[in-house]
Amino acid sequence: MNYSEKISVIVPVYNTEKYLEASLRSVMNQTYKNLEIICVNDGSTDSSPAILQRLAAEDSRIRIINQDNAGQGAARNAGLAVATSEWITFPDSDDQLVPDAYETVVKSFELNPDMVHFSIEVVHENGAKTSKRDRRYYMLDRDGMQNITEEYILKADSSVSNKFFRKSVIDKYGIRFEEIRYEDFQFSREYMLVAGSVFKISRPLYIYLRRCGSTMDQTFSGASYSIDHLKAFQAVYGFMSKHCSAMLTRNLGSRFFVQYYNLARRYSDEATLPVVIRMAESIYEGDEILKEAVGRKIKHGTLTFYPKNFAHYVKLAIEFPFAIKYEAYDYKPFKVVRMFGITLMKRPATC
């Protein structure tokens, strides 16, 4: 095993002066030292560039790239263009790592995985308690090697900050970040589709700061850029059509379409919602594979898509006696309790 292998750490930076030094020091102070730390200043207008310059003077492993503001995806692509290591990782500039995170990851390299994936601890800036949804989404259930299966691709969290990727795989398939929001999903899914194995680490090695004003905070309140969920789907679906089997493209493509239409619909603001609906209809009507694999209907005044597969109908049968679920009425989310088809409770759901 080579414990001295260099790791390329690519950090996009945009106006995170409040968090940047602590975040970068959590990388600089890793117990594993063989790092190249590529910080891409994406046109910051606060004191972030000065902080980067000061830390670079202190640590020769830090390399700064300056560019006009083009978004997180473009910043990460700029880092990829100059990275020299086989192993790449993408922490954000307002989050932190536990001190031995990279040392823990490197120990898995002897098993020769295509990807390494570790758990995330979510911390709220305002002191709020982490939701069960976040804990389930970001916590892995076990440690060790496994093949990357359809279910893993479908259910794994979308973050790229808690994963290590091989540059040889990235370059072979030309995987780059789309310059949209939710580019994490697009990049991670494209990579998983062509990678064979993953080493999972259930211990949380990454501390994700959920803060006011962040992309996710704004999204949960309704955002004009939620349509980018569908743009991310289009990028992944196009990649699947080029590099994956017809069966995998049909199976996963249909499930991704339903999933990411629902996300775009639920988290759009009122002005963007009609655009989301038109875009989803256009994608669906223009693709014979999706029309074959996905059903379309108007339910409770809401355009709804659903996968035409056996599992979907089994789920409906199981839910019929009693179910607590989220449903959309005139495109607004509600939490609904039903028994044998009779609605017992319906109340507006908070995102």
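Sequential numbering from 73 applies to the sequence shown in my numbering. Using N, Cα and C, we set each Cβ at its ideal position, and we do this for glycine too. Here the structure is a predicted model, which means the values were calculated and not measured.
query: Cα-Cα separation, GLU391 to HIS372; result: 18 Å
query: Coarse secondary structure for PRO163, derived from DSSP in three states; result: coil
query: Start and end residues, alpha helix (DSSP H) containing SER132; result: No alpha helix (DSSP H) holds SER132; DSSP gives it neither H nor E.
query: Outcome for MET319 when other beta-carbon atoms lying within 10 angstroms are tallied against a minimum of 16; result: exposed
query: Buried or exposed by the 16-neighbour rule on C-beta atoms within 10 Å, applied to TYR280; result: buried
query: Chain-order list of residues whose beta-carbon lies under 8 Å from that of PHE406 (same chain, five-residue window excluded); result: TYR398, GLU399, ALA400, LYS418, ARG419, PRO420 and ALA421
query: Environment of MET411 [buried if 16+ CB atoms lie within 10 Å]; result: exposed
query: Alpha carbon of ALA150 to alpha carbon of ILE137, nearest angstrom; result: 8 Å
query: LEU96 and SER165 closer than 9 Å at C-beta; result: yes
query: Distance between beta carbons of ILE79 and CYS111, contact taken as under 8 Å; result: Not quite, the Cβ-Cβ distance comes to about 15 Å (not below 8 Å), so this is no contact.
query: CA-to-CA distance, ARG126 to THR88, given in whole angstroms; result: 15 Å
query: C-beta contact flag for ARG368 and TYR356 at 9 Å; result: yes
query: Helix, strand or coil at ARG238 [DSSP, three-state]; result: strand
query: Buried versus exposed, by CB contacts within 10 Å (16 or more), ASP243; result: exposed
query: Identity of the residue in ASP118, ALA146, VAL177 and GLY310 nearest LYS105 by Cα; result: VAL177
query: Candidates ALA295, ASN219, ILE349 and THR221: closest to ARG253 by CA position; result: ALA295
query: Beta carbon of LEU107 nearer than 9 Å to that of TYR174; result: yes
query: Cutoff 6 Å; reference LEU257; Cβ partners in own chain excluding five residues on either side; result: Note on identity: in this sequence residue 257 is Phe, with Leu being the wrong assignment. SER230 and ALA304, listed in sequence order.
query: Close beta carbons around TYR403, own chain, < 7 Å, minus the five adjacent residues each side; result: ARG337, LEU345 and THR374
query: Residues bridged to ASN219 (per DSSP); result: SER269
query: ILE192 beta carbon less than 9 Å from that of ASN219; result: no
query: Distance cut-off 8 Å: LYS272 Cβ against heavy atoms of the ligand GDP; result: Ligands displayed in this structure: none; no statement on the ligand GDP is therefore possible.
query: Close Cβ partners of ASN323 (< 7 Å) along its chain, the five nearest in sequence each way excluded; result: GLU222
query: Buried versus exposed call for GLU250 [16 or more other C-beta atoms within 10 Å across all chains shown]; result: buried
query: Where PHE190 sits in the DSSP three-state scheme; result: strand
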